[in-house]
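Asker: Got a structure here, written out as structure tokens. Questions coming.
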Amino acid sequence: MSNLNGWGLTARLITKHFGALGNRVSEAIANFDPETATEADRDRLADSLRSTAQKLAAARAAFNKEADDVVKLRQLIATDEQAAGTLAERLASGKISESTITLFCDELEANKARMPQELQEEADAKQYMNELQTIVDALSKQLAEFDSQAKKAMQALASARAQQDLQQLRAERQAQLTGLQGMQGQSSALSALTRRAETIRTNAEGLRIVTDIGQKPLDQAAELEAIRKSVSQPALGNESALARLQRLSGQPAAEPLALAKS
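Just so you know, we're using full-length UniProt numbering here: the sequence shown kicks off at 1 and counts up by one.
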């Protein structure tokens, strides 16, 4: 079926062969769009195809019968025409009655008169069969287009879902890497310990400063005491032998002048 005829011809044929129901069916089919059709539309289209295919099968059987009738009638007429020549001789010789010849001629004429009608019935049956075939072909094509569009849509949907899964997986991996990079070289426990150590060091430094401040006067007093002792006690290296003996014996040291007089 050409695109010029298209669904308009199909719709007219369906209307012609299916009556009032065909009006609704043909209108629905003529407006059928596989890109926007639903699964219900596809089911209705398939049902129309099955129904038409059944009618096509019946139409083929009817056409075959009409064609056989025409063949048989032609053969009968041809046989009777061939027999007409011999019957004339038999009638002349008295071998067959005139009434039989009359009956034979009536049947031959009747068969010849039937031939146009039989031919018309054969032609009508052929036209009906061909029109149903056109409808079946159109419905089959439209159903195939629907299935093709549906397949493409399913493939596009599957591809979109695959892309979605891929991007989701990538996002999850990026989140994992970000988390791992944040944990690299440190952890929450280590960070807490580090902060604790810094706090302790700070506190210790503060105590050291306070202690140093309190220790300074003590250190200064000890230094002064040491100076006094060093002044009041002569160095042992300069002590005389007599002074050393007196120190060790616990006797008071003698005056230097007295020692000189003695």
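We treat Cβ as the ideally placed atom computed from N, Cα and C, and that holds for glycine. Fair warning: this is a prediction, and the values are worked out from it, not measured in the lab.
Using the rule of at least 16 other Cβ atoms within 10 Å of the residue's Cβ for burial, across every protein chain shown, is E109 buried or exposed?
Answerer: It is exposed - the Cβ of E109 has fewer than 16 other Cβ atoms within 10 Å.
Asker: What does the alpha-carbon distance come out to for the pair T102 and Q117?
Answerer: Cα to Cα, the separation comes out at about 23 Å.
Asker: So, at 6 Å on beta carbons, what are the nonlocal neighbours of K126 in its own chain, with the 5 sequence-adjacent residues on each side left out?
Answerer: Taken in chain order, the residues that qualify are F63.
Asker: E89 by DSSP, collapsed to three states: which one?
Answerer: DSSP places E89 in helix when its eight states are reduced to three.
Asker: Buried or exposed for L13, going by 16 or more other Cβ atoms inside 10 Å?
Answerer: So L13 counts as buried.
Asker: What would DSSP say about I96, mapped onto helix, strand or coil?
Answerer: In the structure shown, I96 sits in coil (DSSP, three-state: anything other than H, G, I, E or B).
Asker: Which first and last residues belong to the alpha helix (DSSP H) in which S249 is found?
Answerer: Run containing S249: 241-249, per the alpha helix (DSSP H) assignment.
Asker: Suppose contacts are defined by Cβ-Cβ distances below 8 Å. Is D43 in contact with F32 by that definition?
Answerer: No, Cβ-Cβ distance for D43 and F32 is not below 8 Å.
Asker: Which runs of the beta strand (DSSP E) at least 3 residues long sit entirely within the region 33-59? Give them in chain order.
Answerer: Complete beta strand (DSSP E) runs here, min 3: none at all.
Asker: From the DSSP output, in three-state form, read off N130 for me.
Answerer: It is helical.
Asker: Using a Cβ-Cβ cutoff of less than 6 Å, which residues in the same chain neighbour D124 once the five nearest sequence positions on both sides are dropped?
Answerer: Cβ within range, chain order: n/a, list empty.
Asker: Between the beta-carbon of L177 and the beta-carbon of A46, is there less than 8 Å?
Answerer: No, these two residues do not count as a Cβ contact at 8 Å.
Asker: Does DSSP put A31 in a helix, a strand or coil?
Answerer: According to the sequence shown, residue 31 is Asn rather than Ala. Correct three-state label for N31: coil.
Asker: Would you tell me roughly how many angstroms separate the C-alpha atoms of Q82 and R74, rounded to the nearest one?
Answerer: Rounded to the nearest angstrom, the two C-alpha atoms are 12 Å apart.
Asker: Please confirm if the region 78-93 is in contact with the region 51-70, defined as three or more CB-CB distances below 8 Å between the two stretches.
Answerer: Output reads no: the region 51-70 does not touch the region 78-93.
Asker: Using only the alpha-carbon positions, how far apart do R195 and L207 sit?
Answerer: Roughly 19 Å between the two C-alpha positions.
Asker: In whole angstroms, what separates the C-alpha of G94 from that of R114?
Answerer: Going by the C-alpha atoms only, they are around 31 Å apart.
Asker: Residues in its own chain within less than 6 Å of Q149 by CB, not counting five upstream and five downstream?
Answerer: Excluding residues within five positions, the ones whose Cβ falls inside 6 Å are P34, E35.
Asker: CB-CB under 7 Å to L224, same chain, minus the five flanking residues each way: which ones, in chain order?
Answerer: Cβ neighbours of L224 beyond the five flanking positions: none.
Asker: Using the Cβ count rule (16 or more neighbours within 10 Å means buried), how would you classify V136?
Answerer: Result: buried.
Asker: If you draw a straight line from the alpha carbon of L76 to that of K112, how long is it in whole angstroms?
Answerer: Those two C-alpha atoms are separated by around 10 Å.
Asker: On a CA-only basis, which of E98, M129, E66 is nearest Q54? Give me that one, please.
Answerer: Considering only alpha carbons, the answer is M129.
Asker: Measuring alpha carbon to alpha carbon, tell me which of M154, D80, C105, E121 ends up nearest A67.
Answerer: Minimum Cα distance to A67 is reached at E121.
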